[in-house]
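Asker:
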Amino acid sequence: MARVFAAFAAGWGRVLRAPAILLGVFAVTWLVAFPAGRLLDQSARAPALSRTEASDALAGGFDRTFTPTLLGADRFVVGARGYLADGTLPVELVAAAATTVVVWTFLLGGILDRYARRRPIRAQAFFGASGVIFFRFLRLGVVAALGYVLIFGLVHPLVFPPDYPWVTGVNDAPNASPLLTPLYAVFLLLAGFWSAVVDYARIRAVVEDRRSMLGAILAGWRFVLAHPLETFGLF
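In this text, residue positions in the sequence shown follow our numbering: the first is 4, and each later residue adds one.
Have a look at this one:
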C-alpha cells in the first residue's frame, strides 16, 4: 500500500503545481454542468427541487442540505437507473452526457500532457496538445464504449435477469435476493477493471505519444493485470 499512497501523493503534487489547470477544470465543470442541469430540469423522470423544498433542506442542517436531490446528482442517478431497469434514457440525459463527453475528451489530452511534462506550458501548447490527442481519444472512446456495451448490454442482463426480484422497494425488502450485494460487487469490479484499463490507456497514449489506440488499450490492460493491487488500490 505504500506505493499506492506514494502514487496518490505524487498525483496531488502534480495537480497543486498546476493551479491554472485546477481552476480551469473547476470553471469548465461549472460551465458544462449548468446547461446540463437546465436540460435535466426538463426531464419528467426527475422533477426539479422546488424553492420550498430547498429551503426546508437548508434549514434542516448538514444531513439534509448536502444530499443528491438538492445538489442535482439524483437526476443522473435516476436516468442511469432507468436505463438499467428498462433500457430507456431521457433525451435530456443523453444530450447532457454527450456534451460532457465531447468537452472533456478535448480537454483531457492537454491536461494529461501538462501533468506529464511537470512544467508550465502556454495556452497555445495546451490547446495544441488537446487538439492532437482529441482525435486519438475519440478512437479510444469507441473501443472503450464497445467494452461498456458488452458489460452493461450482455453481462448485466445475464447477472441480473429482468424477471428475478434483484431490486426491490422498502416495503417488500424481505423478497429481495440474498445474492444482490455480492453480485453487484462482482459486476462493479468488472466495470471498475475496464474503467481502470481505459484510464491507463489514456495515460499511455499521451505519455508514450501512441497513435494506435488498440495498442494503448492493450498496454493499459497489461499494466492493470501486472499491477492489480496497486492499480485497484489507487482506483
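Ideal placement from N, C-alpha and C gives every residue a C-beta, glycine not left out.
Roughly how many angstroms separate the alpha carbons of G14 and L237, rounded to a whole number?
Answerer: As a position in the sequence shown, residue 14 is number 11, starting the count at 1. As a position in the sequence shown, residue 237 is number 234, starting the count at 1. So the alpha carbons of these two residues sit roughly 11 Å apart.
Asker: Grab the span of the alpha helix (DSSP H) containing S133 for me, first residue to last.
Answerer: As a working mapping, residue 133 is identified with position 130 in the sequence shown. Run containing S133: 126-152, per the alpha helix (DSSP H) assignment.
Asker: M4 by DSSP, collapsed to three states: which one?
Answerer: Taking the first residue of the sequence shown as position 1, residue 4 is located at position 1. Three-state result, M4: coil.
Asker: Is the separation between the beta-carbon of V209 and that of G223 shorter than 7 Å?
Answerer: By one-based count along the sequence shown, residue 209 stands at place 206. By one-based count along the sequence shown, residue 223 stands at place 220. The answer is no: Cβ separation not under 7 Å.
Asker: Please confirm whether R207 has its beta-carbon closer than 7 Å to some beta-carbon of chain B.
Answerer: The structure shown has no chain B; it contains just one protein chain.
Asker: How far does the alpha helix (DSSP H) with E233 in it reach, from first residue to last?
Answerer: Here residue 233 is taken as the residue at index 230 of the sequence shown, counted from 1. Counting along the chain, the alpha helix (DSSP H) containing E233 begins and ends at 231-237.
Asker: With DSSP as the reference, label F65 as helix, strand or coil.
Answerer: The residue labelled residue 65 in the question sits at position 62 within the sequence shown. Here the model assigns F65 a pLDDT of 43, short of 50, so the residue's position is not dependable, and the following value carries that caveat. The answer is helix: DSSP assigns F65 an H, G or I state.
Asker: What residues in its chain sit with their C-beta under 6 Å from that of I220, if we drop five residues either side in the sequence?
Answerer: Here residue 220 refers to the residue found at position 217 of the sequence shown. Excluding residues within five positions, the ones whose Cβ falls inside 6 Å are V146, A204.
Asker: Cutting at 8 Å between CB atoms, please list the residues of its own chain near P231, excluding the five before and the five after it.
Answerer: To locate residue 231, count along the sequence shown from 1; it is residue 228. Answer for P231: no residue qualifies.
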